[in-house]
Each structure stands twice: as structure tokens, then as C-alpha cells.
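Per the working numbering, the very first residue in the sequence shown carries number -12; after that it's consecutive. Even for Gly, the Cβ is constructed at its ideal location relative to N, Cα and C. As the structure is a computational prediction, the values presented were derived from the model and not from experiment. Comments concern the structure below.
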Amino acid sequence: MNEQNEHNQSEDILTNRQGHPVTDNQNVRTVGNRGPTTLENYDFLEKISHFDRERIPERVVHARGAGAHGYFESYGTVNGEPISNYTRAKVFTNTEVQTPVFVRFSTVVHGGHSPETLRDPRGFAVKFYTEDGNWDLVGNNLKIFFIRDPLKFPDMVHSFKPDPVTNLSDPERMFDFLCQTPESAHMVTFLFSPWGIPANYREMQGSGVHAYKWVNEEGKGVLVKYHWEPVQGIKNLAQKDADKLQSMNFNHATQDLYEAIEKGDYPEWELYVQIMEDGEHPELDFDPLDPTKLWYKDQYPWHKVGKMVLNKNPENYFAEVEQVAFGTGVLVDGLDFSDDKLLQGRTFSYSDTQRYRVGSNYLQLPINKPKKHVATNQSGGQMDYRTDFGKDQNPHVNYEPSLIGGLKEAKNPGKEHEPYVEGNLKREKISRENNFGQAGETYRRFNDWERDELISNLVGALSVCRKEIQDRMVDIFTQCDEEYGRRVAEGLKMAGNNSENKMDEAVKQAEEMGHPSDPY
Ligand code: HEM
């Protein structure tokens, strides 16, 4: 800014985006004070055309979210051993640093302003800005998932979202899909229990769901699952409590997180891992890579490896919470993928949707940019502002290799993890599906009130479905646990005898109150 501008313009003076002072923000330029308006009115055109573009496409899933900044600290050990025995990732081996994080919590199915009381899994996505670049752990509150093959994901999501004709949410569409997707029985059991409505974001767990890998200095890999345990404790809601809350506040979870952080009551989670030797584990009655399965704690204990604290609210919702972009492909040295098919399908989907949703240079935005120096020959595209070149890079050399200058390949920080794979290319289910065993076990492990809620919520949702769908779901629940199936069947029989639903009741009540006045 030159001296003259400094003199004329203090920092709180309104300008347009070209830096011109705005002297009248109340009246458009018109011929006379009654119009017509003129087209050369740059300030107005700039203001309104930017407004017209204020929204980007919302996330196709997980559109409703809340976020916060914080830090992660590693304890440096796992089950009493140095953590470096298992992983060489500096975010875990370096106990001297606090790694900055940004977390986004979300609901899944409905749009950006949908109620936060809905029965839905909750997203729990963490971006670690590590000294080796970004690591994203994109998980949910529940520790398992509906499906194990990524090809099914778009159909599953379509069936959960509103009808494309009426735009109405309809449990019949959801159960039409689920009754033919038996691997979803375990997730459905959690979702329709009180675990399907966490009381808020602070009192909920998080889980990476998939088996990932940790790789040590020697290139040896082990399978790991990640879980976040809230220091605040866990709290879930019964349906009637959620209904009551929703009638008073449909953004209670965002509000709860924001207000807690504003008043210095910082939420914390401890990170736990479960570890399994890499391999197929034929001794288990499930496949360790199957994301519809839990690894039971008594067999695969949870080991505490670090702690996360959220201590700063975003300064701008759009710039940070809306534009943040997480992906399962975003790993650092010492962390690796497993062969979980769902995980591999996800890994394409995230950066693909973000190039569309945010733009091809989404990684240049402050919320997504690594905190370490970035130097790449990838440049151009919309909104490139060319900060990604190497500091001392010869600007003429935007390729590699080069004898003239330019960026050089990095040294490999440790031995590569090189798992051996072979097999025929095929389209086939995994062999150890065991779709119902753990779902039945989960049903039996619930408390009485959780089981009662599960049955009542399932009966409520299934009672609007046609008989064929009800019968298939009852058959699935019966295969999980005989009592589970029987109770849903009995509930449906009772609901059939009492067909008046809540909506009819509400309409009847309104009619009884008579017509409103018409004072206009
Ligand atoms: C968001 C795809 C399974 C957790 C998303 C988004 C897509 C997507 C396209 C929107 C991303 C964006 O616009 O930035 C898929 C596919 C899946 C899958 C194709 C399976 C094949 C899962 C699973 C989990 C999960 C198993 C949990 C472990 C999340 C979370 C978000 C998300 C937390 C929101 C991230 C944020 O807050 O920005 N998913 N997803 N997804 N997904 Fe998935």
C-alpha cells in the first residue's frame, strides 16, 4: 500500500474486491431515484455476482458438519513397547512435538442444514498436519460399516437419501436395499440402537473402521485399527429424547462443540490401536480386512497411543469446515493401506469428489495445505496461485529429472513395505462372510434399554415397509439371534393392528384446533 492509500484508507473501511473504497452500500446507481438501474454499476455487479456464487456443491454425503482445531500428542509407546517397533511414522515416534489437527464431525445422509438429532452414523475425520506432511484419518463414530464392497456405495447412499421424485425420506427405500444386503445386519443393529443417535459430538467415540497398516524401519507391516475414546465419556440418546431435543434445537451438536471450546472446556480423545499380525488369519471366523466386523477387545486389546485436544474454533465456517478436504489416501511414511476393498474404493472417491466440489487446487487452501514446505511440479488449473514451487527452484524447470535445476526425488526414509500379492482377477465375495454372528453377539451384549430401543426403532421404521421387505428383515434378524427376530416380528404384528401413525395424529390434532385467522 503506498503512502497516499494508507492515508485515505484505514483497515476497517469497506472496499470492493478490487480494493476500491465503497462510498454507498445502500443504493444502486439509477437514472433518477426511481430507476431504471444502469449496467456500468461495477460495485453492485461485483457484489451480487459474488453472492450468486457463494455456495459450492455440498458434500454428496456428510454435508452437515462442525469442526475445530487442536493438537495430537503421541505417548511414544504401545503396550509398554517403543511404538517404533511397529511404525516409523514420526507423528507417533516423535513425542517432543504437538502435531496440529483439524477435526470435522458430521452426520451422513441429509443436507447441510438438516437436524443433528437424526439417526445416522456420525463422521469423525481428523487431519494431522505432521512434520512429514498431512495424514487424514477419516472415520465414523461406529466401528463397522454397512457394506464391504465399494461398488455398492452409490446404491446404498441413494436408498438412504430422499426419493428422487417426491424428495421424501422413506424407510422403505432404505430397507429395500438393506434386506438384500445381509452384510449390513451388524451396522443396522448398531444404527437402530441408541448408538445411532450420539447425544453430541464431544461425547462420542471415533473409529477408523478399516484395518490399516503400520510399517516399521525394517519395512515390516502389521494390521492396525484406530479408535478414539472421548475423555468426556460416551452418551447416546433414546429416540424420544432426540425427538424432544429436535423440536427445540436442530443444531445442538454444533452449538455444544462451539460453546464448550469458547468457554475453555476443551474436549479430548485418547487414541487407541488394535494390532494384528499381517495375514489372512484362517483361525478366525471372519476376515480381518472385513469392515463389517469388530476385532473383539478381549482378543485384540486396545492400546493407548496418544491424545487429541480440540482447543480452537474455526474463524470462518466456510473457509475451514466447508472447504476442508479429507481422504483415506492421505497417509505419511510409516502408515499404509491394507487390502480392504472398501478402503481402496474410498481412496479414489475422496480426492475425486474434492477436485469437483472445491476445485483442482483444493490443496492450496490454508485449511488443506500441509504445514510443512510443499514443492511440486504440479501447477496450473483454476485458482492456482503458484505457492507450490520449491523455494530455490529454477522457475524455468517444472519437470523432473533435469540436469539444469528443478526439484529432486527424496531419499526413501526406510525400507519399503512390499507385500506379495497373487491371484486370478475376479469379481467374487470374500469367503468368510459370517454376516450374522457378530450382529447377534452385539444384540446380546446391549443393555436391556438399548435392546428395547433397538426393537422399537426397527419396528417403527419397518412398519411403513411392504410385507416382503419386513419378512426378509425379520429373517435376517432371526439368523443373527432367534429372540431378536422374534421380537421384531411381534412388534410388527402389533404395529399392523395399530396402523395410525404419528403423522396422522399430528394432522388430526391440527384439525381439532380449527382454522387460523387471516389478518392480511
Ligand atoms: C465423506 C465416499 C465409506 C467416512 C465422503 C465423501 C465421499 C465419500 C464422496 C464426500 C467427501 C467430500 O466431499 O469431501 C465414500 C465411499 C465409501 C465411503 C465411496 C465406501 C466405498 C465411508 C466409511 C467411512 C466414511 C466406511 C467411515 C469409516 C466419511 C467421513 C466423511 C466422508 C467422516 C466426511 C469427511 C468430512 O468431514 O469432510 N465419503 N465413503 N466413509 N466419509 Fe465416506
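Heavy atom of ligand 1 within 7 Å of residue i beta-carbon
i: L390; result: no
i: H56; result: no
i: H145; result: no
i: H100; result: no
i: R91; result: yes
i: R344; result: yes
i: S450; result: no
i: S61; result: no
i: P288; result: no
i: H49; result: yes
i: S71; result: no
i: P400; result: no
i: L105; result: no
i: V211; result: no
i: L329; result: yes
i: V125; result: yes
i: A112; result: yes
i: V311; result: yes
i: R333; result: yes
i: F132; result: yes
i: S336; result: yes
i: G52; result: yes
Cut-off 8 Å between Cβ atoms - residues of its own chain near residue i, not counting five sequence neighbours on either side
i: T17; result: P23, T24 and T25
i: N444; result: R106, F179, S180, G183 and Q226
i: D230; result: T104
i: P301; result: G54, A55, H56, E307 and V308
i: G392; result: Q380, N381, H383 and V384
Rounded separation between residue i and residue j - CA only
i: E403; j: T64; result: 23 Å
i: P217; j: V88; result: 16 Å
i: Y73; j: K454; result: 52 Å
i: R46; j: F376; result: 30 Å
i: E190; j: Q219; result: 6 Å
i: P81; j: V361; result: Residue identity check: residue 81 is Asn in the sequence provided, not Pro. Near 21 Å, if we compare the C-alpha coordinates of V361 and N81.
i: V296; j: E255; result: 4 Å
i: R473; j: V311; result: 45 Å
i: Q233; j: N28; result: 45 Å
i: R4; j: N364; result: 30 Å
i: F133; j: K356; result: 32 Å
i: E270; j: G251; result: 49 Å
i: E118; j: G99; result: 33 Å
i: L155; j: K291; result: 44 Å
i: R51; j: R21; result: 43 Å
i: L318; j: I262; result: 18 Å
i: R342; j: I442; result: 42 Å
Exposure label - residue i; buried when at least 16 CB within 10 Å
i: A514; result: Any question about residue 514 goes unanswered here, given that the chain covers just -12 to 507.
i: T176; result: buried
i: D320; result: buried
i: L394; result: buried
i: Q(-9); result: Note that Q(-9) scores a pLDDT of 48, beneath 50, so its modelled location is shaky and nothing firm can be said.
i: G126; result: buried
i: K480; result: exposed
i: D(-1); result: exposed
i: Y507; result: exposed
i: D366; result: Note that residue 366 is Ser in the sequence shown, not Asp. Classification for S366: exposed.
i: L412; result: exposed
i: Q242; result: exposed
i: K148; result: buried
i: Y188; result: buried
i: H(-6); result: Legend: pLDDT at H(-6) = 48, less than 50; position of this residue unreliable, value from coordinates given subsequently. Answer is exposed; the Cβ neighbour count stays below 16.
i: R91; result: buried
i: D142; result: exposed
i: W436; result: exposed
Heavy atom of ligand 3 within 7 Å of residue i beta-carbon
i: Q341; result: In the structure on display, ligand 3 does not appear, and the ligands it does have are ligand 1.
Residues near residue i in its chain [Cβ-Cβ closer than 7 Å; skip 5 each side]
i: N238; result: E103
i: M(-12); result: The predicted position of M(-12) is uncertain, since its pLDDT is 41 and thus under 50; no value can be drawn from it.
i: Q192; result: N128, H214, W215, E216, P217 and I221
i: N12; result: L1
i: E205; result: K402
Residues of its chain near residue i, where Cβ-Cβ distance is below 6 Å and the 5 sequence neighbours each way are ignored
i: D272; result: N421
i: P400; result: D320
i: W201; result: Y73, T74, V209 and V211
i: L329; result: R135, P137 and P278
i: M161; result: S146 and F147
i: G427; result: C467 and D468
i: K299; result: H56
Cutoff 8 Å: residue i Cβ touching any chain E Cβ
i: T64; result: Looking at the structure shown, chain E is missing, and only one protein chain is on hand.
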